[in-house]
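Engineer: Questions regarding the structure given below will be posed in turn.
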Amino acid sequence: MKRKYARFEKDPYSMDYKSAHEIMLLSILYDTPWMHFFGTSLALVKTYSIASGTSLLVATRQLTTSKNVGKRAEDTGIAIAEFVVGSVDSERGLRALSKVNWLHGRYGARVKNEDMTHTLAMFVLEPQRWIEAYEWRPMTCLEKVAMFVYWKEVGNRMGIEDIPPTLEKLQEWTVGFEEENMVYSNDNKICAETTMELYLRGVPSFARGLAKNVANSLLEDRVRVALGSPDPPAYVKHLAVFILKARGWVVRNFFLPRLSYVDPLAKQGPDGRLQRDRFAFEPWYVKDSWLQKLGIWLSSGGRLVPGDEWKTSGYLPEEIGPLEHIEKSREPVLQQAEAMSKYAESGGAAVTGCPFSFGK
259 MKRKYARFEK DPYSMDYKSA HEIMLLSILY DTPWMHFFGT SLALVKTYSI ASGTSLLVAT
319 RQLTTSKNVG KRAEDTGIAI AEFVVGSVDS ERGLRALSKV NWLHGRYGAR VKNEDMTHTL
379 AMFVLEPQRW IEAYEWRPMT CLEKVAMFVY WKEVGNRMGI EDIPPTLEKL QEWTVGFEEE
439 NMVYSNDNKI CAETTMELYL RGVPSFARGL AKNVANSLLE DRVRVALGSP DPPAYVKHLA
499 VFILKARGWV VRNFFLPRLS YVDPLAKQGP DGRLQRDRFA FEPWYVKDSW LQKLGIWLSS
559 GGRLVPGDEW KTSGYLPEEI GPLEHIEKSR EPVLQQAEAM SKYAESGGAA VTGCPFSFGK
């Protein structure tokens with residue numbers, strides 16, 4: 259990597275988002291996939307420490323019921339995989355990001371620009387923080403800037419205004435924003451508890467208490483206060499840190515480099531629809547075969563079995579999100595994806611100096 263991208267060593271901010279994408283994928287898919295996923299999952303929880311954002315989530319009921327929270331988590335993961343792993347320039351990535359924009363655009367000014375900026379910052383800074391602290395090797399400056407440059411392009415295409423121009427400036431902005439806005443609210447608590455319950459859904463009941471303590475120990479003190487989460491026992495904090503550091507040491511000293519990576523993108527079937535062969539929490543869009551059914555039934559302790567209710571026929575990127583919005587959003591999303599492609603072809607924010615506008 260150092261030889262291939264040596265031209266960016268002196269000034270990493272001179273890279274465009276396409277080079278940044280190449281560098282970022284080498285890092286997160288080959289060297290640090292598990293910790294990147296882990297940090298991103300906790301980044302999502304940390305976004306719930308900002309009350310102005312959680313009030314809207316609670317009002318829409320997308321995070322307050324067990325019926326909705328699993329699908330929302332799966333759809334969020336699918337969308338991010340499509341435009342981060344697959345690229346914001348791929349047809350699938352364009353449609354997935356356009357669907358995210360459409361869903362946000364329904365709420366107009368209720369989705370605040372600073373809240374969007376903070377969420378964007380979490381997806382950049384939190385994985386980096388966890389990798390730096392516990393992975394088998396720290397990220398290089400080039401890798402960190404590449405992640406920032408690429409996510410900044412994503413932010414531009416989401417219409418986010420005034421994104422800080424550098425990683426360092428983003429870190430400074432985030433500290434100031436959190437000092438002013440990270441305060442407790444009941445909505446924060448509802449969103450965090452529902453999400454934590456989802457994350458721990460597969461943990462046996464006898465171990466649930468310890469698992470919750472471990473999960474809470476992974477949050478910073480001020481985040482726990484803002485979420486209304488209890489302070490775990492000191493021994494749990496030490497245990498969690500020990501396990502994470504031990505894992506990094508074992509990987510560094512006993513694991514060989516990856517020769518390939520597990521592709522997180524769903525595969526296209528003969529009918530053009532996308533079917534998954536793995537899932538995080540619920541088997542949405544997982545292809546319906548006896549082998550898949552058996553594997554999911556066994557891994558979930560008989561709790562989950564793929565069937566029509568999980569949309570086993572697959573999905574199209576413009577269909578992710580709440581089921582009730584599939585048809586009404588289809589045409590606007592496809593139109594926006596085409597407009598976003600033209601925006602990119604014209605040079606995007608690098609040329610115009612403005613983020614993509616999708617009629618918010």
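Its first residue numbered 259, the sequence shown is counted upward by one per residue in our numbering.
The C-beta atom is built at its ideal place from N, Cα and C for all residues, glycine as well.
All values reported here derive from a predicted model rather than from experimental measurement.
Name the two residues that bound the continuous alpha helix (DSSP H) containing Lys262.
Structural biologist: Looking at the DSSP string, Lys262 is not in any alpha helix (DSSP H), and its letter there is neither H nor E.
Engineer: Go through its chain and collect everything with a Cβ distance to Leu321's Cβ below 6 Å, but skip five positions before and after it.
Structural biologist: These residues qualify, in order along the chain: Leu315, Val327, Cys449, Thr452.
Engineer: What are the start and end residues of the alpha helix (DSSP H) that includes Asp373?
Structural biologist: Asp373 -> alpha helix (DSSP H) spans 371-392.
Engineer: Look up Leu428 in the DSSP assignment and say whether it is helix, strand or coil.
Structural biologist: DSSP places Leu428 in helix when its eight states are reduced to three.
Engineer: Going by other Cβ atoms of all chains shown within 10 Å of its Cβ, with 16 needed for buried, is Gly605 buried or exposed?
Structural biologist: Counting Cβ neighbours within 10 Å, Gly605 comes out exposed, since fewer than 16 surround it.
Engineer: State the DSSP-derived secondary structure class of Gln593, mapped to helix, strand or coil.
Structural biologist: Correct three-state label for Gln593: helix.
Engineer: Pull up the distance between the alpha-carbon of Thr318 and that of Trp394, whole angstroms please.
Structural biologist: Using only the alpha carbons, I get a separation of about 40 Å.
Engineer: Ignore the nearest five residues each way along the sequence and tell me which others in Trp555's own chain have a CB closer than 6 Å to its CB.
Structural biologist: So the qualifying residues of the chain are Val563.
Engineer: Using 10 angstroms around the beta-carbon of Gly351, count the other beta-carbons present and answer buried if the total reaches 16, otherwise exposed.
Structural biologist: The residue in question, Gly351, is buried, as its Cβ has 16 or more Cβ neighbours within 10 Å.
Engineer: State the Cα-Cα distance for the pair Lys325 and Arg510, rounded to the nearest angstrom.
Structural biologist: Rounded to the nearest angstrom, the two C-alpha atoms are 40 Å apart.
Engineer: Would you give the residue range spanned by the alpha helix (DSSP H) that Phe296 belongs to?
Structural biologist: Where Phe296 is concerned, the enclosing alpha helix (DSSP H) stretches over 291-305.
Engineer: With a threshold of 7 Å on Cβ separation, who are the neighbours of Lys618 within its own chain once the five nearest residues in sequence on each side are excluded?
Structural biologist: Any answer about Lys618 is weak, because its pLDDT of 49 lies below 50 and its placement is not dependable; what the coordinates show is given next. Hits under 7 Å: Gly363, Gly366, Gly417.
Engineer: Could you have a look at Val508 and say whether DSSP puts it in helix, strand or coil?
Structural biologist: Val508: helix per DSSP, three-state reduction.
Engineer: By the three-class DSSP mapping on this structure, what secondary structure does Phe440 have?
Structural biologist: Per the sequence shown, the amino acid found at residue 440 is Met instead of Phe. The answer is strand: DSSP assigns Met440 an E or B state.
Engineer: Look at the Cβ atom of Val382, then the Cβ atom of Tyr271, and state whether they are nearer than 8 Å.
Structural biologist: Result no, Cβ atoms of Val382 and Tyr271 do not sit closer than 8 Å.
Engineer: Under 8 Å, do Trp568 and Pro541 count as touching if we go by C-beta distance?
Structural biologist: Result yes, Cβ atoms of Trp568 and Pro541 sit closer than 8 Å.
Engineer: Among Ala498, Leu549, Ala538, Gln593, which residue has its Cα nearest to the Cα of Tyr392?
Structural biologist: Nearest C-alpha to Tyr392: Ala498.
Engineer: Looking at the unbroken alpha helix (DSSP H) that takes in Gly467, where does it start and where does it end?
Structural biologist: Per DSSP, Gly467 belongs to the alpha helix (DSSP H) from 466-475.
Engineer: Exposed or buried, which one is Ile286 when buried takes at least 16 other CB atoms within 10 Å?
Structural biologist: The residue in question, Ile286, is buried, as its Cβ has 16 or more Cβ neighbours within 10 Å.
Engineer: To the nearest angstrom, report how far apart Leu532 and Glu577 are at their CA atoms.
Structural biologist: Cα-Cα distance, rounded: 11 Å.
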